[in-house]
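Peer 1: Pasting a structure here, questions to come.
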Amino acid sequence: MISRPAATLLLADGTLFKGYAVGKIGTTTGEICFNTGMTGYQEVFTDPSYYGQILVMTNVHIGNYGTRAIEQESDGAKIAGLVVRNFSEHYSRPMANNSLQQWLEEEGVVGISGIDTRALVRHIRNKGAMNAIISSETDELATLQARLKDTPSMAGLELASKVSTSQPYVAGPASAQFRIAALDFGIKRSILDCLIARGCVVKVFPAHTTFETMEQWQPDGYFLSNGPGDPAAMDYAVEVTQKILAADKPLFGICLGHQILARAVGIPTYKMHHGHRGLNHPVKNLRTGRGEITSQNHGFGVSLKAICAASDRVEVTHVNLNDGTVEGIRLKQHQAFSVQYHPEASPGPHDARYLFDEFVDMLKKAPVSAR
Amino acid sequence: MPKDTSIRSVLIIGSGPIVIGQACEFDYSGSQAIRSLKEEGVEVILLNSNPATIMTDPILADHVYLMPLNVASIEHILQAHKVDAVLPTMGGQTALNLAIEAGELGIWEKYGVRLIGVDLDAIELTENREAFRQLMVSKGLSVAPSYIANSYLEGMEAAQKIGFPLVIRPSYTLGGSGGSFVMREEDFPDALKRGLSMSPTHEVLVEKAVLGWKEFELELLRDAHDNVVIICAVENLDPMGIHTGDSITVAPAMTLSDTAFQRMRDEAILAMRSLGNFAGGCNIQFAINPETEELIVIEINPRVSRSSALASKATGYPIAKIAAKLALGYTLDELKNPVTKTTSALFEPALDYVIVKMPRWNFEKFHGADTRLGLQMKSVGEVMGIGRSFQEALQKACQSLENGRMGLGADRKEWIRTEDILHRLEHASEDRIFRLKDALRLGVPERTIQKLTRIDPWFIRQIKELVKLEEELMRYNVPEDIPREFFLRLKRAGYSDAQIAWLLRVGEEAVTQRRIELGLRRVYKTVDTCAAEFESNTPYFYSTFDGENESQPSDRKKIIVLGSGPNRIGQGIEFDYCCVHGLLAIKDVGYEAIMVNCNPETVSTDFDVADKLYFEPIFWEHIEEIIHLEQPDGVIVQLGGQTALKMAKTFHERGIPIVGTSFEHMDLAEDRGAFSDLLKRLDIPYPKYGVADDVDEALHIANEVTYPVLVRPSYVLGGQRMRIVINDEELERHVLSIFKHMPQNRILIDQFLERAKEAEIDAICDGEQVHIMGIMEHIEPAGIHSGDSSAVLPTYSLSVEAVNTMVEYTEKLAHALSIRGLLNVQFAVKDDKVYVIEANPRASRTTPFIAKAYDVPYLQIATKVMLGTHKLSDFNIQPRPKGYAIKVPVFSFEKFPNVDKNLGPEMRSTGEEIRFIKDLTDPFFRELDRQRYMYLTR
């Protein structure tokens, strides 16, 4: 409990919290959201889907086991800011190679500790997602309010291209049985690991890549990745997806990829009140009747009503057991399916990793002409 | 898969009397299971021999059998009822073992009874250590290298192959009985013999010791459709080598990365699914090598357990309640989370707080016991502290222990000799966490401490931060100097005002006053299973120092019931029974019932028993803050044993209304001198006595009242350090020993009535009428603590005159003490002369026993009388005696092989059983009666 400089957190609706600075000394803005996971903070902070978000961790101790270079979901921190109750600069894990404080500083993340995170979560739960600002440089309200005003709203925001790779790259052994073309809207490293472990080589393409460019690599199947931002602002990706479907290629999408797939067949998406972020979301697989505990991170959802109206084309395969929202779909006329949650986990339970097996099975069954 | 409608009646087997390793957590799980099954319209039949439990109450099960836990009782029940299924997973190892035994004898088959929840093969797999090991290996899971041994020779061979240090684990025993760590070869033969003899199958596992590995426990639920969820991951602060029941444990896991945790979760699910037929709650333990993060499975318990009770309280998720529904065939996705009521039961709770469980030991009751902690559980109870940080939760747990500590140290009980401290760090005993802080305070490096204790450095650093905070605090001279920000940091780190006062060497009130001036008051947060993600209206709160308070007091009339804290010898489950009935009565008269308690094993801390539950230490500062917020119409102190009662004085001084008998009158009964004066005035005989402040005085008094005399410190529980001495020499030795161990105490010396009979009465008084609930005669003569005596209800050998005299004295005392509520009076009868030994103005250990024996809800009646809403004449009390009822004490001596097992004036039993007999020719009674002098010591 070493004394740290003071810091301020201000929400767009005027709610003010005082705490202590963690990470880099500075000022940051973004949409505030909360994650209820009790492990895996480093994986969360490096998940590109969190790009532009100020993250409240409900677990009351953060930093206890330090950071470890290989437990990252991308090349670095993606969150815009961090809010915690108790921050631990000290860590005990022999396998770790850095403290969280040092890591956040190196990654340039501004954070705040000593906050009544539970009160904050209850506030967000009631009022919905909104923008916020953290500063350890100034506590002058007018300055903070002005900066906050300039922060754009998440709705209608296209962020995928900000975290996407600029150049295509290949992951996995060239000799692998299946070639997967992945559209990178902010892909997590463990998705690649899951595919590679199942005999795939993945070529990761920038978000704005055409279908034709990817086809030149002669993939056996396509993957639409997770990522940040509003899918409604991504018509470019929807068009590519429609072409993949028209070519009847095997296709798997996760999270933002799931929303893009839905939009490609005319199912609208919507901004949720405060999203699902955590490691304990119950999902029921309607095909097996089995439940699974899933890792989730999304602020937009796919319209159930629209799917019901399109039941000749789209089947709901997974539902959320808490609120009945859509968690997975399958296209009836195509070899394409997607889930709203994160079967690759990291962090979180591995209950849904079988979906990667199903994708590989789909690749195996696909007619050679379609490959 | 919906519920199996062919199951219309279920037999639940309880866990019997409280022993070390199997305490009131099974009353909690059993009670939940009964309620859960009844919600489904299932007829519930219960077998349990423990009368002090809520589960054996007629308010729960349809048919209650207070009979010994044996196959004969089961047959008796199956002959009387059509039982479709038996649920053996709610009554601990005792119930599982009984189910196995009945299964082997073909009883279940004979009566067409199905086992639900678990099948015999699954139990066998987890109990047979070799079969379990092979199964785990076949599933690709790691276990510690081990060999099974059924003989001395095999054991010696195994040790030779494995090397030292190693572990001996007997098969089919409870709470690690007979298990031990063997560090040196020369200690092995004795440990092996003991292990073999403790196992009912003469079988032990000789296992490589993974010393210093970190220990974790996962609480799981699995349903018939193979869905598995992890309700809670608990980290043991004490590493491998100390029984988890004796370890300080923390949830959520504090030092585990997601990578390590998910591997553990995957393995737990794999192991669980490999167990064959199982639907319900289970517990799995892992050890993890901190350096390499290598993982091994230690054991699985295919039933609810002490740790699932803890996990239920820690997360808010009622494991036993859901487990019972799963046993009926439901799957998790079909059930709702009972806390949020809107979200799914197929779910893994998220915590936005920390819980710390601390065991409560009673070594002072077992003189000569080996107090080092190891594989065999030795604690008698536990407490849980909840806070918004590990430090806060840890200090709240310390404040809950009821051993005079004000938190983690900073309370004058610190040690100062480094050598002694270091020795205690290496050889863990009940005080290790306190010694750890002492060591840090004296400047012992964290690394040294970590080497000696193998405790994860993160925890050590957390405690070091406390030491630093204290150093910073000591720079201030008076509380008025402490700035708000620093004061808040202290409070957030769990410091009580009393600790701050001790560090500044000022009065506690000055600290509290400053705190209130600064506006630092406790706020209350909800335990809601979901870290506030969803709305929940569960009124289950804990305090902390933070921004928002979630506990909104109602404008109803409200009454607070103070619980009895951790189980310990002399104050056990019976007081929780009393509290629960108190709550029911309060609700019944239309008031809001508010419970305060810190014992996670209890029914009273179940989230839907009271209208509002504060899971808080029974510690003045916490109680005061609750009272400040709630402004109750009264506080009940009569139901929570001595713990609650001793707070009455403070309530009285602060003008907080006490329900029932006033403080002055309670104090009159407690104060030996004033009470004797009262007896004299009422013309009631009592043994000659005196109060001494030093040895000379004691010798003088002893000679005046004449030997043998009963010597004890004043104000203790369960006759602690009470002795009968026969001469000056013994007296001197004992008095000196009391002063040494309890320097603040005065000494009471009573004339000992040799060969007297003991008897007691429990009564209710409403200010006008006195109702005698029951008159009990002890089989053993005076000199044995009443809690260790077999009490027969009603009396069987005392003369009518003596009984009438006892009733008369009770009535006189009830009026003289202006009792409103409960009164217990203890008597000695010698040569037909009745003496009053003591009077307790509160619920006694025997009140639940009488309520069960006579089938009258006495505690509810007493509570309504206390509240003043009812008079005794409002009730039609019709006791239904069935012959004689005997309360038989049960001991846990097998945990302490070297302890003198003789009984005396100091209570040592951990639990009790009820036996009904038709008449005095009953062989059970005759055997007890024949042995009545056998236990007598000097």
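Read top to bottom, the protein sequences are chains A and B.
Numbering-wise, our numbering puts 227 at position 177 of the first sequence, and it's gapless, one number per residue.
Numbering-wise, our numbering puts 906 at position 894 of the second sequence, and it's gapless, one number per residue.
Just so you know, even glycine gets a beta-carbon here, dropped at the ideal spot from N, CA and C.
(1) Which same chain residues end up closer than 7 Å to G69 of chain A when comparing Cβ atoms and leaving out the 5 residues on each side of it in sequence?
(2) I'd like to know whether the C-beta atoms of R453 of chain B and D443 of chain B end up nearer to each other than 8 Å.
(3) Measuring only the C-alpha atoms, how far is G602 of chain B from G393 of chain B?
(4) Taking Cβ positions only, does W470 of chain B come closer than 8 Å to chain A?
(5) Take F261 of chain A as the anchor and find which of A:N276, A:F228, A:L301 and A:I237 has the nearest alpha-carbon.
(6) Measure the alpha-carbon distance for I104 of chain A versus Y286 of chain A and round it to whole angstroms.
(7) Between which two residues does the beta strand (DSSP E) containing P725 of chain B stretch?
(8) Does DSSP put H324 of chain A in a helix, a strand or coil?
(9) Given a cut-off of 8 Å, decide if P397 of chain A and T89 of chain A are closer than it, judged by their beta-carbon atoms.
(10) By alpha-carbon positions, which one of B:V703, B:R20 and B:L307 ends up nearest to R724 of chain B?
(11) Which residues in the same chain as L502 of chain B place their Cβ atom closer than 7 Å to its Cβ, once the five residues preceding and following it in sequence are excluded?
(12) Buried or exposed, going by whether 16 or more other CB atoms sit within 10 Å of the CB of G378 of chain A?
(13) Rounded to whole angstroms, what is the Cα-Cα separation between A855 of chain B and I606 of chain B?
(14) So which residues of chain A does E366 of chain B contact, with C-beta pairs closer than 8 Å?
(15) Quick one: Cα of L99 of chain B to Cα of A326 of chain B, how far?
(16) Of all Cβ atoms in chain A, is any one closer than 8 Å to the Cβ of K537 of chain B?
(17) Considering only the alpha carbon of each residue, which of B:F446, B:N757 and B:H439 lies closest to K425 of chain B?
(18) Would N611 of chain B be called buried (16 or more neighbouring beta carbons within 10 Å of its own) or exposed?
(19) Going by C-alpha to C-alpha distance, which of B:V812, B:I849, B:I46 and B:V848 sits closest to I71 of chain B?
(20) In whole angstroms, what is the alpha-carbon distance linking A296 of chain A and V290 of chain A?
(21) Is P935 of chain B helix, strand or coil by DSSP?
(22) Let me know the secondary structure DSSP gives S388 of chain A once reduced to three states.
(23) Any chance the region 882 to 891 of chain B sits against the region 340 to 359 of chain B, with 3 or more Cβ pairs inside 8 Å?
(24) Closer than 8 Å, CB to CB, is C294 of chain B near chain C or not?
(25) For Q564 of chain B and A169 of chain A, I'd like the C-alpha separation in whole angstroms.
(26) Between which residues of its own chain and A283 of chain B is the CB-CB distance below 7 Å, once the five residues before and five after are set aside?
(27) So, with DSSP's three-state summary, where would you put L358 of chain B?
(28) Relative to the C-alpha of L2 of chain B, which residue among B:S163, B:K220, B:N579 and B:G224 is closest?
(29) Strictly under 8 Å for the Cβ-Cβ distance: is P393 of chain A near chain B by that measure?
(30) With H, G and I counted as helix, E and B as strand and the rest as coil, what does DSSP make of T58 of chain A?
(31) Taking only three categories from DSSP, how would you classify T256 of chain B?
(32) Between the region 775 to 783 of chain B and the region 865 to 881 of chain B, do three or more beta carbon pairs fall short of 8 Å?
(33) Report back the beta-carbon spacing between T65 of chain B and I585 of chain B to the nearest angstrom; my notes put them in contact at under 8 Å.
(34) Measure the beta-carbon distance from T617 of chain B to Q650 of chain B and round it to whole angstroms, keeping in mind my assumption that it falls under 8 Å.
(35) Does DSSP classify M168 of chain B as helix, strand or coil?
(36) Anything in chain B within Cβ reach of T167 of chain A, meaning under 8 Å, just list it in chain order.
Peer 2: Let me lay it out:
(1) A57, L59, I162, S163, G164 and I165
(2) no
(3) Cα to Cα, G602 of chain B sits roughly 33 Å from G393 of chain B.
(4) yes
(5) A:L301
(6) 27 Å
(7) V721 to P725
(8) strand
(9) yes
(10) B:V703
(11) L481, L485 and I512
(12) buried
(13) 18 Å
(14) Checking the displayed sequence, the identity of residue 366 of chain B turns out to be Val instead of Glu. Under the 8 Å cutoff, chain A gives V110 and H111.
(15) 25 Å
(16) Yes, contact with chain A.
(17) B:F446
(18) Flag for N611 of chain B reads buried.
(19) The option with the nearest alpha carbon to I71 of chain B is B:I46.
(20) 10 Å
(21) helix
(22) strand
(23) no
(24) Note that chain C does not occur in the displayed structure, where the protein chains are A and B.
(25) One C-alpha to the other measures close to 15 Å.
(26) Contacts found: M148, K151, L153, I296, V309 and I312.
(27) coil
(28) Any property of residue 2 of chain B remains undetermined from this structure, which presents chain B solely from 13 to 950.
(29) no
(30) In the structure shown, T58 of chain A falls within a strand segment according to DSSP collapsed to helix, strand and coil.
(31) helix
(32) Between the region 775 to 783 of chain B and the region 865 to 881 of chain B, the count of Cβ pairs shorter than 8 Å is three or higher; the stretches touch.
(33) 6 Å
(34) Rounded, the Cβ-Cβ distance is 19 Å, inconsistent with contact.
(35) helix
(36) D364
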